[in-house]
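Asker:
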Amino acid sequence: MKILVVGGDGFCGWPTALHLSNLGHDIVITDDLSRRKIDIELEVESLTPIRPISVRLAAWKEVSGKDIRFENINVAKNYARLLHLIESEKPDAIIHFAEQRAAPYSMKSSYHKRYTVDNNINATNNILAAIVEAGIDPHLVHLGTMGVYGYGTAGMKIPEGYLPIKIETDDGREITQEILYPANPGSIYHLTKTQDQLLFAFYNKNDGLKVTDLHQGIVWGTQTSETRKDERLINRFDYDGDYGTVLNRFLMQSAVDYPMTVHGTGGQTRAFIHIQDTVRCIQLAIENPPQHGERVQILNQMTETHRVRDLAKMIADKTNAKIEYVNNPRNEAAENELDVENQRLLGLGLNPITLEEGLLEEVTENRQEICAPLRQNQNPLHFLLDHNARNRQKIIHALNDYY
Ligand code: USQ
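Each residue of the sequence shown is one higher than the one before, counting from 59 in the working numbering.
1. Taking the alpha-carbon of I411 as reference, which of I233, N400 and I333 has the nearest alpha-carbon?
2. Can you say whether P162 is buried or exposed, counting buried as having 16 or more other CB atoms within 10 angstroms of its CB?
3. Measure the Cβ-Cβ separation of I152 and L221 and say whether it is below 8 angstroms.
4. Just to confirm, does A313 get its C-beta within under 7 angstroms of one of the non-hydrogen atoms of the ligand USQ?
5. Keeping to the same chain, check which residues put their C-beta closer than 7 angstroms to that of Q158; ignore five residues upstream and five downstream.
6. Would you kindly work out how many angstroms separate the C-alpha atoms of H350 and A343, rounded to a whole number?
7. For the alpha helix (DSSP H) containing A391, list its first residue and its last residue.
8. Is I237 helix, strand or coil by DSSP?
9. According to DSSP, is I428 part of a helix, a strand, or is it coil?
10. DSSP three-state label for H170, please.
11. Taking the C-alpha atoms as reference points, what is the distance between E427 and D300?
12. Evaluate contact between the segment 229-240 and the segment 365-384, counting only Cβ atoms and requiring at least three cross-stretch pairs below 8 angstroms.
13. Can you tell me whether Q274 sits near the ligand USQ, meaning its C-beta is under 7 angstroms from at least one heavy atom of the ligand?
14. Helix, strand or coil: how does DSSP classify Q462 here?
15. Using alpha carbons as the reference points, say which of Y239, N394 and H154 lies closest to F69.
16. Starting from the N-terminal side, write out each stretch of the alpha helix (DSSP H) that is 4 residues or longer and does not extend beyond the segment 152-238.
17. Taking only heavy atoms of the ligand USQ into account, decide whether any of them is closer than 7 angstroms to the Cβ of T280.
18. Check T285 in the structure and name its three-state DSSP category.
19. Look at the alpha carbon of D89 and the alpha carbon of Q401, and state the distance between them as a whole number of angstroms.
20. Does the distance from the CB of T182 to the CB of D254 come in under 8 angstroms?
21. Between which two residues does the alpha helix (DSSP H) carrying N80 extend?
22. What do you get for N378, buried or exposed, if any count of 16 or more other CB atoms within 10 angstroms of its CB means buried?
23. Assign I356 to buried or exposed, taking buried as 16 or more other Cβ atoms, counted over all protein chains shown, within 10 Å of its Cβ.
24. Is G324 near the ligand USQ, with its Cβ less than 7 angstroms from a heavy atom?
25. Less than 7 angstroms between the CB of R328 and some heavy atom of the ligand USQ, yes or no?
26. Report the start-end ranges of each alpha helix (DSSP H) in the segment 251-278 that is 4 residues or longer and not cut off at the edges.
27. Using a 10 Å radius around the Cβ and a threshold of 16 neighbouring Cβ atoms, would you call Y207 buried or exposed?
28. Please report the residue range of the alpha helix (DSSP H) in which N130 lies.
29. Could you tell me whether any non-hydrogen atom of the ligand USQ is closer than 7 angstroms to the CB of E289?
30. Taking Cβ to Cβ, would you say K60 is nearer than 8 angstroms to D150?
31. Tell me, please, which residues DSSP counts as bridged to M318.
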């Protein structure tokens, strides 16, 4: 299959591009490299050394013998170049990762709110409009978020996208329908993903586009079997207050003997998935497109739920790290239950990596795969700290950097 990976230089896009290339698909990446520029803006960087895109691609060619082509395009702004690419490549599938993905970043200031809305919604609309204008019929797979549902369950499992409702008509009949689960975003970033859902529903109804929307939970872990193959292919490990997700922050904090910063009571329950399962889910979505005329296919891409304070305790038990309950910088419910339906991806063959089994490896094992020098039996996080020769102060600064 020819697959266009839009936003293929980022944390989920890069390992997905490699995974699909490894399976024999013909991959073209577009990216505006904005994630790299945001590192400069925030004065933070991935703990793992991220090579320039040209070095990444050359390393992949060396390791796998496979070519991945790259076009530097801002798809939210440069519609003409996006359209030209889609017309000339005629991809069978397009995977859309090209959105600003940090909730805290999207809430920092009016600049960040406006950037996130402009970028994310225009990127989605431009991709959809370009597919229609090019007159081709690819399967569009989009990385959405569990946060479109909000995190409350009203005593039921959150369904996969659609909620059955019953309405009583004026003449007393009862009608049953399925509607998009009511959107309840908790940040401007999450709001853009709820808007994406309406764009997909409209283009699906109006133009018959085939769309799969994957509502993903919080990703943990760093490496996949492909990014492990060479140090130059390594994936991002963000731990700062904007882009570092909770588990990666806790792992980093425990590695530098800094107390784990649990927001509020830590009663927030969230859905989680390992990065290796992310790339597998996207493969499963690509292999199982919706039929022509079918509504947007929505799959919940998560494998387990946990309360934030339980995660901190799980890590503390393995590392003796301290826990600090800090004022919650976010406007979110202090406690919530979360029960999520995820049978569809499991039914397609997903066999999840659980936190119980994978976390131990992430924290303590000698992960020889991460980089060659790890073969000297060092803890991966300690090794990476030394390897990058970053001073501890800089890391502590990033760990503290809340919006
Ligand atoms: N949290 C802490 N301490 C920290 C950092 C976070 O207690 O040091 C708490 C937050 O208050 C929140 C929870 O952990 O209750 C999750 O925060 P997060 O930063 O790990 O995740 P979030 O902002 O929700 O966003 C991440 C990704 C986003 C994705 C989303 C999936 O950045 O792209 O869409 O997870 S979900 O959360 O299911 O909506």
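Backbone N, C-alpha and C fix where the C-beta goes; we use that ideal spot for every residue, glycine too.
Answerer: Based on what the coordinates show:
1. I333
2. buried
3. no
4. no
5. S164, Y173, T174, N177, N178 and Y247
6. 15 angstroms
7. Neither: A391 is in no alpha helix (DSSP H) and is coded neither H nor E.
8. strand
9. Any reading at I428 must be qualified, since the residue scores a pLDDT of 36, below 50, and its modelled position is unreliable; the value itself is stated next. Coil.
10. helix
11. Confidence at E427 is low in this model, with a pLDDT of 33, below 50, so the placement of that residue should be treated as unreliable; the coordinate-derived value is given next. Rounded to the nearest angstrom, the two C-alpha atoms are 27 angstroms apart.
12. no
13. yes
14. This structure leaves residue 462 out entirely; the chain is present only between 59 and 461.
15. H154
16. 161-164 and 168-192
17. no
18. helix
19. 32 angstroms
20. yes
21. G71 to N80
22. exposed
23. buried
24. yes
25. yes
26. none
27. buried
28. Counting along the chain, N130 falls outside any alpha helix (DSSP H), though it belongs to the beta strand (DSSP E) covering I126 to N130.
29. no
30. yes
31. I381
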